[in-house]
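J.:
Protein chains in written order, with the working numbering: chain A, 1 to 186; chain B, 1 to 192.
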């Protein structure tokens with residue numbers, strides 16, 4: 001029998017040959033060292049291929065797929081916190097916009113006074129007192145920075161910056177509180 | 001009709017079970033990512049394509065025919081996704097082919113032969129070496145080796161995935177192993 005080609009050897013390893021072909025190849029391998037070496041080589045190769053090296057997939061894959069397919073609805077605590085933080089922003093904005101520091105609105109309310117507007121005026125006065133204090137602190141900070149670093153940031157910039165930080169903290173704080181309440185109720 | 005494990009999971013997913021989809025993803029993640037990564041040889045792209053694959057699978061799961069094996073159907077979707085990418089980015093993938101060969105040569109010279117030039121390959125290192133060589137052969141052959149050995153598919157299943165005749169699949173795999181043998185012989189590896 002002539003020497004085996006690599007295809008026949010591979011088919012023999014795969015068990016793809018008929019019984020007769022199988023017997024012929026087996027007999028040939030006994031007598032032909034060259035073909036036996038070829039066979040051994042393919043068999044070793046087969047052995048290593050049959051043990052594939054898998055690369056570990058990054059865990060982000062599963063997470064990203066699940067997020068894409070099942071988007072999470074924002075938790076109630078997040079929604080409530082966002083509403084609370086927005087409230088602070090709106091109140092501050094109204095304060096700045098209507099210039100409550102000059103008490104113009106309060107005076108207007110007091111001119112058309114009735115029992116309802118009286119208590120509204122008191123609330124506004126309270127808020128105004130808090131904001132006036134904060135405004136005074138900003139002025140001091142601005143004056144300090146100006147004196148030490150010779151940079152005039154401006155009270156408004158400090159105010160907006162502080163407001164944003166406070167709102168963020170308020171949002172995170174509220175979330176914690178709401179979560180805590182939810183946890184206690186559960 | 002008797003359902004296999006995958007098909008039971010699919011029934012549950014189709015009924016709305018998120019947990020079953022997570023289970024299916026866990027089961028196939030390694031094999032799918034491994035296949036895609038070895039085809040495109042870029043981790044970022046492999047991650048993106050693997051994600052696209054699972055999202056696609058979920059979206060077309062209702063079209064799955066329970067008469068066929070799920071894995072073959074899934075691998076076919078995966079294969080088409082990769083081939084589409086490779087076709088669109090042929091130049092980039094080819095440049096990685098060149099990188100891979102030089103990386104392999106570097107790896108061989110650094111890790112597999114000691115100072116005296118004697119091979120010091122342990123079984124696992126040899127296996128890694130063989131798989132590094134697989135990464136360096138042309139894609140036409142590599143894809144079939146990956147489907148056969150990484151995914152563990154039979155010749156007829158590979159034919160189903162690649163839409164090639166079974167005879168062509170067999171011949172290409174034989175040819176692929178001949179190429180592997182030649183490459184490995186050049187390095188003097190796997191000799192007794």
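Beta carbons are placed, not taken as given, at the ideal position from N, Cα and C, and that holds for glycine. Computed from a prediction, not measured in an experiment: that's the story for all the values here.
Tell me which residues of the stretch 135 to 146 of chain A have at least one Cβ-Cβ distance to chain B shorter than 8 Å, keeping chain order.
T.: Cβ contacts with chain B: none found.
J.: Leaving out five residues before and five after residue 61(B) in sequence, what residues of the same chain have Cβ atoms less than 8 Å from its Cβ?
T.: If we look at residue 61(B) and ignore the five residues flanking it on each side, its Cβ neighbours are 10, 13, 14.
J.: Would you mind stating whether residue 147(B) and residue 158(B) have Cβ atoms separated by less than 8 Å?
T.: Taking 8 Å as the Cβ cut-off, residue 147(B) and residue 158(B) qualify as a contacting pair.
J.: Evaluate the contact criterion for the stretch 41 to 56 of chain A versus the stretch 15 to 27 of chain B: three or more CB pairs, one atom per stretch, below 8 Å.
T.: They do not touch, by the three-pair rule.
J.: Within the chosen definition, does the stretch 170 to 187 of chain B reach the stretch 2 to 21 of chain A through at least 3 CB pairs nearer than 8 Å?
T.: The stretch 170 to 187 of chain B is in contact with the stretch 2 to 21 of chain A.
J.: Checking contacts by CB at 8 Å: is residue 29(A) closer than that to chain B?
T.: By this cut-off, residue 29(A) is not an interface position.
J.: So, is residue 156(B) buried or exposed, given that buried needs 16 or more other C-beta atoms within 10 angstroms?
T.: Residue 156(B) is exposed by the Cβ-count criterion.
J.: Mind checking the stretch 52 to 66 of chain A against chain B and listing, in chain order, the residues whose C-beta falls within less than 8 Å of any C-beta there?
T.: Answer in chain order: 52, 53, 54, 55, 56, 57, 58, 60, 61, 62, 64, 65, 66.
J.: Leaving out five residues on either side along the sequence, give the residues of the same chain with a beta carbon under 7 Å from the beta carbon of residue 158(A).
T.: So the qualifying residues of the chain are 138, 141, 142.
J.: At a Cβ threshold of 8 Å, is residue 183(B) touching chain A?
T.: No, its Cβ sits nowhere closer than 8 Å to a Cβ of chain A.
J.: Going by C-alpha distance, which of 165(B), 138(B), 54(B) is nearest residue 18(B)?
T.: That would be 54(B), whose Cα lies nearest to the Cα of residue 18(B).
J.: Taking the alpha carbon of residue 217(B) as the point to measure from, which residue in 189(B), 186(B), 188(B), 140(B) has its own alpha carbon closest?
T.: Limits of chain B in this structure are 1 at one end and 192 at the other, which puts residue 217(B) out of reach.
J.: Exposed or buried, which one is residue 133(B) when buried takes at least 16 other CB atoms within 10 Å?
T.: So residue 133(B) counts as buried.
J.: Classify residue 84(B) as buried or exposed, calling it buried when 16 or more other Cβ atoms lie within 10 Å of its own Cβ.
T.: The residue is exposed, with fewer than 16 neighbouring Cβ atoms inside 10 Å.
J.: How would you call residue 172(A), buried or exposed, if buried means at least 16 neighbouring beta carbons within 10 angstroms?
T.: Answer is exposed; the Cβ neighbour count stays below 16.
J.: Suppose the cutoff is 7 Å on Cβ atoms and the five residues either side in sequence are ignored; what does the same chain contact list for residue 145(A) look like?
T.: 151, 153, listed in sequence order.
J.: Determine, using beta carbons only, whether residue 81(A) comes closer than 8 Å to chain B.
T.: Cβ-Cβ to chain B under 8 Å: no for residue 81(A).
J.: Check whether the Cβ atoms of residue 89(A) and residue 167(A) lie closer than 8 Å to each other.
T.: Yes, the pair counts as a contact, with Cβ atoms nearer than the cut-off.
J.: Assuming residue 29(B) contacts residue 62(A) (C-beta within less than 8 Å), just tell me the rounded distance between them.
T.: Contact holds; Cβ gap of about 6 Å.
J.: Beta-carbon within less than 7 Å of residue 32(A)'s beta-carbon, same chain only, minus the 5 sequence neighbours each way: which residues are those?
T.: Correct list, in chain order: 3.
J.: What are the start and end residues of the alpha helix (DSSP H) that includes residue 238(A)?
T.: This structure gives no information on residue 238(A), because the portion of chain A shown stretches from 1 to 186.
J.: Express the C-alpha separation of residue 41(B) and residue 13(A) in angstroms, rounding to a whole number.
T.: Rounded to whole angstroms, residue 13(A) to residue 41(B) spans 30 Å at the Cα level.
J.: When Cβ atoms are compared, which residues of the stretch 18 to 45 of chain A fall closer than 9 Å to chain B?
T.: Cβ contacts with chain B come from 37, 38, 40, 41, 42, 44, 45.
J.: With DSSP collapsed to three states, give me the class of residue 132(B).
T.: Three-state DSSP puts residue 132(B) in a helix.
J.: As a quick exercise: from 76(B), 51(B), 78(B), 73(B), pick the residue whose alpha carbon is nearest that of residue 66(A).
T.: Among 76(B), 51(B), 78(B), 73(B), the Cα nearest to that of residue 66(A) belongs to 51(B).
J.: Cβ of residue 187(A) less than 8 Å from any chain B Cβ?
T.: With chain A represented from 1 up to 186, any question about residue 187(A) goes unanswered, as that position is not in the structure.
J.: Quick one: grab the DSSP three-state call for residue 83(A).
T.: Note: residue 83(A) maps to helix in three-state DSSP.
J.: Considering only the beta carbon of each residue, do residue 128(B) and residue 71(B) sit closer than 8 Å?
T.: It is not a contact, given that the beta carbons lie outside the stated cut-off.
J.: So what's residue 17(B) in DSSP terms, helix, strand or just coil?
T.: In this structure, residue 17(B) counts as coil in the three-state DSSP scheme.
J.: Does the beta carbon of residue 66(B) come closer than 8 Å to any beta carbon on chain A?
T.: Cβ-Cβ to chain A under 8 Å: no for residue 66(B).
J.: Taking the alpha carbon of residue 175(A) as the reference point, which residue from 84(A), 39(A), 23(A), 19(A) has its own alpha carbon closest?
T.: Nearest C-alpha to residue 175(A): 84(A).
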